[in-house]
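Here is the structure we will look at.
There are 2 protein chains.
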Amino acid sequence: MRASQFFISTLKEAPSDAEIVSHQLMLRAGLIRRLAGGIYSWLPMGLRVLRKVENIVREEMNRAGAIELLMPAVQPAELWQESGRWEQYGPELLRFKDRHQRDFVIGPTHEEVITDIARREIKSYRQLPRHFYQIQTKFRDEIRPRFGVMRGREFLMKDGYSFHTSFADLQREYASMHATYTRIFSRLGLQFRAVAADTGSIGGSGSHEFHVLADSGEDAIAYCPAADSDYAANVELAEALAPAATRAAPELMLANVHTPGKTRCEDVAALLDLPVQRMVKTIAVVRNELEVGAPGWFCLILLRGDHDLNEIKTQKLLGDFRFASDEEIKRAIGCLPGYIGPVDLRFAHMIAVYADRAVINMSDFVCGANAEGYHLTGVNFGRDVPEPYQVDDFRNVVAGDPSPDGKGLLEICRGIEVGHIFQLRTKYAAALKCTFLNESGQPQTMEMGCYGIGVSRIVGAAIEQGNDERGIIFPAALAPFEVVIVPMGYHKSEAVRAAADRLLGDLAAAGIDAILDDRDERPGSMFADWDLIGVPHRVVVGERGLKEGRLEYKGRRDAEAQMLAAAEVPAFLQGRLCD
Amino acid sequence: MRASQFFISTLKEAPSDAEIVSHQLMLRAGLIRRLAGGIYSWLPMGLRVLRKVENIVREEMNRAGAIELLMPAVQPAELWQESGRWEQYGPELLRFKDRHQRDFVIGPTHEEVITDIARREIKSYRQLPRHFYQIQTKFRDEIRPRFGVMRGREFLMKDGYSFHTSFADLQREYASMHATYTRIFSRLGLQFRAVAADTGSIGGSGSHEFHVLADSGEDAIAYCPAADSDYAANVELAEALAPAATRAAPELMLANVHTPGKTRCEDVAALLDLPVQRMVKTIAVVRNELEVGAPGWFCLILLRGDHDLNEIKTQKLLGDFRFASDEEIKRAIGCLPGYIGPVDLRFAHMIAVYADRAVINMSDFVCGANAEGYHLTGVNFGRDVPEPYQVDDFRNVVAGDPSPDGKGLLEICRGIEVGHIFQLRTKYAAALKCTFLNESGQPQTMEMGCYGIGVSRIVGAAIEQGNDERGIIFPAALAPFEVVIVPMGYHKSEAVRAAADRLLGDLAAAGIDAILDDRDERPGSMFADWDLIGVPHRVVVGERGLKEGRLEYKGRRDAEAQMLAAAEVPAFLQGRLCD
């Protein structure tokens with residue numbers, strides 16, 4: 255490819271509404287252009303990157319035995335009504351009426367459509383298992399689209415759906431997809447982690463997210479860095495183990511201390527000159543599934559002062575809940591939040607006190623006194639306050655917690671979710687009556703898995719992971735071109751022109767995806783463009799070097815360029831690209 | 255590929271709502287499935303065909319120097335308001351509001367979006383010309399979608415848009431695209447014709463449609479079959495030349511004949527035992543651009559009895575017009591249509607009489623007498639009726655008319671439009687202020703071309719052109735697989751299994767796209783499936799043949815199978831596929 259026959263449109267400055275570095279760089283490098291909020295055109299340079307992602311995903315899905323098809327973007331409302339999601343989905347489901355006033359959606363996902371295909375086409379256990387996938391444009395009407403293609407409204411996804419005769423066979427395919435996704439993200443040259451994820455209302459452990467690691471990621475991930483551990487989970491899900499240490503005997507007497515205006519654990523700890531780990535935080539919630547005011551409806555959850563409540567775990571333990579209002583707290587405890595605690599509750603028989611595992615081995619701790627401006631010190635379970643009604647895992651893990659696999663201490667990092675695999679089981683198949691005849695000739699509901707990859711989001715995530723002050727640093731597998739040839743004076747020097755043209759031909763013959771920058775631009779401007787675009791390998795063709803039969807090579811991450819014998823350049827680059 | 259790892263879903267009968275053969279066969283062969291009216295899923299078998307079309311289109315567009323990008327399906331209303339098409343477009347433009355009540359469309363075409371990109375990204379004549387294209391899903395809310403993917407609502411298109419500094423450069427690119435489209439449809443193995451098309455409100459001759467020839471086509475095409483002629487035009491546009499013969503002298507006297515109940519030319523001709531070519535048909539229209547009742551508002555157009563009015567030509571000659579109502583005709587002429595004619599008009603000074611070129615050299619003709627139940631015979635211009643106000647080309651050409659290029663006589667065939675190239679000139683660029691700085695540093699509006707190919711429609715058109723009573727006959731370039739290997743007893747005979755597996759490997763090594771049918775089905779059922787699906791080459795592996803080292807070959811169009819030495823089969827098939 256020659257730059258003069260391609261389209262390069264770089265910008266000196268990123269538009270001010272681009273918040274994160276990948277969005278800024280994608281605009282500056284001319285990969286995308288905004289058409290409307292969360293809706294982007296992929297310019298030729300960006301489309302090459304998108305297609306490289308798409309092709310690797312397709313190759314690996316095919317290798318794993320999945321079969322590609324293509325479902326429509328526009329879907330009739332009837333199927334969504336049948337699955338129940340027409341009502342469940344919020345306004346991010348784009349609904350519209352056609353000219354005959356029939357209801358449709360622009361699909362944000364295709365469980366309904368594929369299940370409809372499966373129930374029509376698959377009749378017998380002999381036709382199972384089958385795994386269908388597509389790479390297709392989706393639309394989700396985000397209330398606040400942002401971060402460019404990372405949280406756009408129109409986006410490209412690979413979505414796959416597998417159908418099985420049994421849960422065991424679904425689990426086999428799920429493991430195969432876990433391995434396939436690992437291969438895909440490895441081939442893409444990304445640093446990533448597969449993490450156990452929450453399965454929401456489905457339950458079970460059958461869901462993993464694949465995260466590209468990046469500080470700007472929206473998700474927090476707990477992982478064990480030990481070499482022999484592969485533990486990783488979304489912080490929402492990672493288990494906080496019970497502490498190994500047992501509760502120490504009380505040493506202090508209970509005391510009421512004046513803590514005016516100190517409603518946060520950190521502030522009370524500072525006032526008392528104690529570590530925040532000595533504080534107990536009391537959170538009041540109400541359980542929506544019980545009648546208002548019934549015993550146990552109003553609950554207190556005790557956490558160590560430096561820990562945070564995990565709402566997903568709490569929901570699993572208590573069922574549907576919400577935080578109590580100030581009014582409700584005042585009525586139950588006689589005091590505003592900030593000074594509440596478990597000691598001497600007025601309506602103790604009505605209030606259920608839960609404690610996180612980390613709290614239950616604390617002694618001589620500090621908590622609210624249930625009186626405004628006062629806290630209690632030297633509090634001890636058994637002596638001053640009854641043992642809690644239930645002890646369990648109510649909190650988010652923090653760095654330094656033991657890994658649930660027993661292989662070390664957890665660390666926390668941030669990630670961008672780029673893949674998600676999920677054992678749907680029979681959720682959609684049952685709703686849409688997607689059955690097959692089993693070996694006994696009886697109709698049986700299919701087991702289903704689903705497997706998504708955010709194809710366009712991967713481009714953004716790769717840039718979050720690979721960039722510097724000069725621009726993007728693409729992994730070679732994703733770069734729009736693997737090599738750029740920059741001639742010094744293509745339009746002035748016959749020798750330079752001939753050498754550059756010859757190199758382009760030699761690289762093409764070697765199967766290397768190269769671009770020759772034959773624009774009539776200043777060298778500094780060409781260098782800046784290609785550093786910004788993030789092409790990983792650069793070869794400069796200059797008259798001086800040519801006199802000695804040499805070309806200048808520089809890798810995108812290299813500090814210095816090096817001179818190479820011209821004849822060796824193709825083999826040298828092949829070696830680099832295979833690294 | 256092995257059938258057991260693919261997805262084959264054939265039907266014995268086509269659903270009753272499939273009207274044309276390609277739609278029936280696409281459903282029966284399991285290429286597509288209906289999701290909603292005009293909205294189809296492409297099953298794995300169909301997607302392979304679609305991708306083959308897509309890849310050939312992409313290769314040839316790239317070869318011609320066009321640059322691929324990808325624009326969104328969802329477009330903001332603002333751009334359509336700027337171009338004026340928000341108002342001009344009818345309900346086939348799917349409009350919707352997002353969750354913030356902003357107006358959007360699902361794009362049926364992308365002139366606005368690409369022009370917006372060009373006006374932002376292209377500043378100087380040095381960046382021109384540029385040709386951008388995409389292969390992308392579009393939506394058009396057809397009032398009556400039908401014929402499967404031939405007139406669907408959601409469909410796949412290649413749409414390209416070129417930008418130029420001058421009309422001359424647009425014409426150069428237009429000629430290059432004409433050649434590129436010719437190469438694309440040739441490579442696809444289709445019988446097609448490029449025809450001059452109507453350019454609507456743009457004017458000029460800068461538009462060609464590419465039609466796949468098929469009896470079921472919605473368009474009528476006039477073409478000259480002479481070997482040295484490449485004349486072809488949509489019948490809407492083809493010029494009907496003036497007859498070479500001059501008007502003969504009158505021989506008959508004017509006579510009034512009783513023709514009760516005969517209002518059609520054919521019926522009058524039959525009654526009088528005259529050829530219909532001796533009749534003159536009189537059509538009454540009114541010109542919307544004149545004031546009602548003004549002189550020339552009411553017009554008569556005279557056509558030869560066997561000719562039909564061409565409304566597009568009439569519109570170009572008379573401006574906006576409509577057919578006169580019975581009431582208006584009665585008021586102007588004193589008689590109902592069926593018996594009207596140009597002789598002795600009551601309000602002759604108010605009525606403009608136009609004649610088609612074929613009428614003006616007629617003598618002793620028959621026309622309506624302007625009295626119910628009567629026609630005049632022996633009518634002659636000059637003697638009985640004044641020469642018409644204007645003579646021009648008002649009619650559709652018919653088979654046997656002279657070709658406008660003077661190289662023979664026209665024939666008429668039917669075609670399916672699969673491509674359209676168009677010199678847009680500055681229509682969109684002017685509306686959207688898409689300018690560049692020319693060599694003098696002055697802003698100048700870009701010249702634009704646009705070039706479309708109906709990718710999904712091509713699949714249907716190819717099947718309309720290639721089918722028989724057993725199913726589809728795909729050109730090899732479009733077939734989902736080039737070769738099918740059908741083993742007789744794959745699960746019973748070790749020798750058959752080994753030979754079939756070996757052949758599959760050998761064909762893959764030879765670069766042939768083959769499928770091995772390893773399903774446990776009866777031979778007749780496998781043969782029927784692959785004939786239905788339209789795979790062009792079939793190799794049967796049977797124990798009897800193997801004993802002599804032979805395999806059975808049959809081309810999809812062949813009447814008889816032939817036996818080949820097993821070792822020669824790959825080379826034989828390569829030869830067939832290169833034909």
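Protein chains in written order, with the numbering used here: chain A, 255 to 833; chain B, 255 to 833. Ideal placement from N, C-alpha and C gives every residue a C-beta, glycine not left out.
Handout entry: 8 Å Cβ cutoff, B:Val367 in contact with chain A
Key = Taking Cβ atoms only, chain A reaches closer than 8 Å to B:Val367, which makes this a yes.
Practice task
Look at the alpha carbon of A:Ala586 and the alpha carbon of A:Arg600, and state the distance between them as a whole number of angstroms.
Solution key: Rounded to the nearest whole angstrom, the CA to CA distance from A:Ala586 to A:Arg600 is 8 Å.
Exercise for the section: Take A:Ala523 and list the residues in its own chain whose beta-carbon comes closer than 6 Å to its own, dropping the five residues that flank it on each side. Expected result: Cβ neighbours of A:Ala523 beyond the five flanking positions: Val530 and Met533.
Practice task
Please decide whether A:Met700 counts as near chain B, where near means a Cβ-Cβ distance under 8 Å.
Solution key: Chain B, which has no Cβ nearer than 8 Å to the Cβ of A:Met700, makes this no.
Exercise for the section: Please name the residues in the stretch 708-721 of chain A whose beta-carbon is closer than 8 Å to at least one beta-carbon of chain B, in chain order. Expected result: The residues in question: there are none.
Practice task
Would you kindly report the start and end of the unbroken beta strand (DSSP E) that includes B:Asp473?
Solution key: Asp473 to Tyr477 is the span of the beta strand (DSSP E), which, as asked, contains B:Asp473.
Problem - Cutoff 8 Å: A:Ser378 Cβ touching any chain B Cβ - result: Chain B contact via Cβ: absent.
Exercise for the section: Could you check which residue in B:Leu506, B:Ala509, B:Cys832 and B:Val489 has the C-alpha nearest to that of B:Arg668? Expected result: The residue with the shortest Cα to Cα distance from B:Arg668 is B:Val489.
Handout entry: Beta-carbon proximity list for B:Ala685, same chain, < 7 Å, skipping 5 on both sides
Key = Closer than 7 Å at the Cβ level, and outside the excluded window around B:Ala685, lie Glu336, Ser337 and Gly338.
Exercise for the section: Excluding the 5 residues preceding and the 5 following B:Glu545 in the sequence, name in chain order all residues of the same chain whose CB lies nearer than 8 Å to its CB. Expected result: Trp551, listed in sequence order.
Practice task
Please list, in chain order, all residues of the same chain as B:His432 whose beta carbon is under 8 Å from its beta carbon, the five residues on each side excluded.
Solution key: Contacts found: Ala448, His462 and Ile675.
Exercise for the section: Pick helix, strand or coil for A:Arg711, following the three-state DSSP scheme. Expected result: Reduced to three states, the DSSP call for A:Arg711 is helix.
Exercise for the section: Step through the CB atoms of chain B and report whether any lies within less than 8 Å of the CB of A:Gly457. Expected result: Low confidence applies here, because A:Gly457 scores a pLDDT of 46, under 50, leaving its location unreliable; read the following figure in that light. No - not a single Cβ of chain B is within 8 Å of the one on A:Gly457.
Practice task
Say whether chain A places a C-beta atom closer than 8 Å to the C-beta of B:Asp352.
Solution key: For B:Asp352, the nearest CB of chain A lies under 8 Å from its own CB, placing it at the interface with that chain.
Exercise for the section: Answer with buried or exposed for B:Ile397, where buried requires no fewer than 16 other C-beta atoms within 10 angstroms of its C-beta. Expected result: Taking every protein chain shown into account, the CB of B:Ile397 has fewer than 16 other CB atoms within 10 angstroms, so this residue is exposed.
Problem - Inter-residue Cα distance where the pair is A:Phe690 and A:Tyr682 - result: Distance between the alpha carbons of A:Phe690 and A:Tyr682: 14 Å.
Practice task
Would you kindly work out how many angstroms separate the C-alpha atoms of A:Gly622 and A:Asp598, rounded to a whole number?
Solution key: A:Gly622 and A:Asp598 have their C-alpha atoms some 11 Å from each other.
Problem - Residues of its chain near B:Arg287, where Cβ-Cβ distance is below 8 Å and the 5 sequence neighbours each way are ignored - result: Non-local beta-carbon contacts of B:Arg287 in its own chain, meaning distances under 8 Å to residues more than five positions away in sequence, involve Leu281, Tyr294, Ser295 and Leu297 in chain order.
Practice task
Compare the C-beta of A:Arg398 with all C-beta atoms of chain B and state if any pair is closer than 8 Å.
Solution key: So, not an interface residue.
Exercise for the section: Step through the CB atoms of chain B and report whether any lies within less than 8 Å of the CB of A:Pro345. Expected result: True, the Cβ-Cβ gap to chain B drops below 8 Å.
Problem - Through-space distance from A:Arg611 to A:Val645, alpha-carbon basis - result: Whole-angstrom Cα-Cα distance: 6 Å.
Problem - Integer Cβ distance of A:Asp413 from A:Gly706, believed to fall under 8 Å - result: That pair is a contact at about 5 Å.
Practice task
State buried or exposed for A:Thr886, treating a residue as buried only when at least 16 other CB atoms are found within 10 Å of its CB.
Solution key: Examination of residue 886 of chain A is not possible in this model, given that chain A is present from 255 through 833 alone.
Practice task
Within the same chain, show all residues whose beta-carbon is closer than 7 Å to that of A:Pro596, passing over the 5 residues directly before and after it, in chain order.
Solution key: If we look at A:Pro596 and ignore the five residues flanking it on each side, its Cβ neighbours are Thr536, Leu554, Leu556, Val607, Cys621 and Val639.
Problem - Rounded C-alpha distance that separates B:Leu348 from B:Glu641 - result: Taking the straight line joining both Cα atoms gives about 51 Å.
Handout entry: Alpha carbon of B:Glu581 to alpha carbon of B:Pro591, nearest angstrom
Key = Distance between the alpha carbons of B:Glu581 and B:Pro591 is about 10 Å.
Exercise for the section: Answer yes or no: does any C-beta atom of chain B fall closer than 8 Å to that of A:Ser263? Expected result: Answer yes: the Cβ-Cβ gap between A:Ser263 and chain B drops below 8 Å somewhere.
Exercise for the section: Could you confirm whether any beta carbon from chain A is found closer than 8 Å to the beta carbon of B:Ile583? Expected result: Cβ-Cβ to chain A under 8 Å: no for B:Ile583.
Practice task
Can you give me the Cβ contacts of B:Arg798 inside the same chain, cut-off strictly under 7 Å, excluding the 5 residues immediately before and after it?
Solution key: Once the five neighbours on either side are set aside, B:Arg798 has no close Cβ partner at all.
Practice task
Please compile the residues from chain A whose C-beta is within a distance smaller than 7 Å of the C-beta of B:Thr391.
Solution key: Residues of chain A whose Cβ lies closer than 7 Å to the Cβ of B:Thr391 are, in chain order, Ala327 and Thr391.
Problem - Where B:Trp784 meets chain A, residues with beta-carbon distance less than 8 Å - result: In chain order: nothing, as chain A lies at least about 18 Å away.
Exercise for the section: Kindly indicate if chain B contains any beta-carbon less than 8 Å away from that of A:Arg312. Expected result: Chain B contact via Cβ: absent.
Exercise for the section: Give the straight-line distance between the Cα atoms of A:Gln342 and A:Phe358, rounded to the nearest whole angstrom. Expected result: So the two alpha carbons sit approximately 15 Å from each other.
Exercise for the section: Could you work out which residues of chain B lie near A:Asp395, taking near to mean beta carbons separated by less than 8 Å? Expected result: Residues of chain B passing the Cβ test: Asp352 and Arg353.
Practice task
Reducing DSSP to helix, strand and coil, say where B:Thr264 ends up.
Solution key: If DSSP states are grouped into helix, strand and coil, B:Thr264 belongs with coil.
Practice task
In the DSSP assignment, find the beta strand (DSSP E) that holds B:Gly799 and state where it starts and stops.
Solution key: That residue, B:Gly799, is in no beta strand (DSSP E); its alpha helix (DSSP H) goes Glu797 to Lys801.
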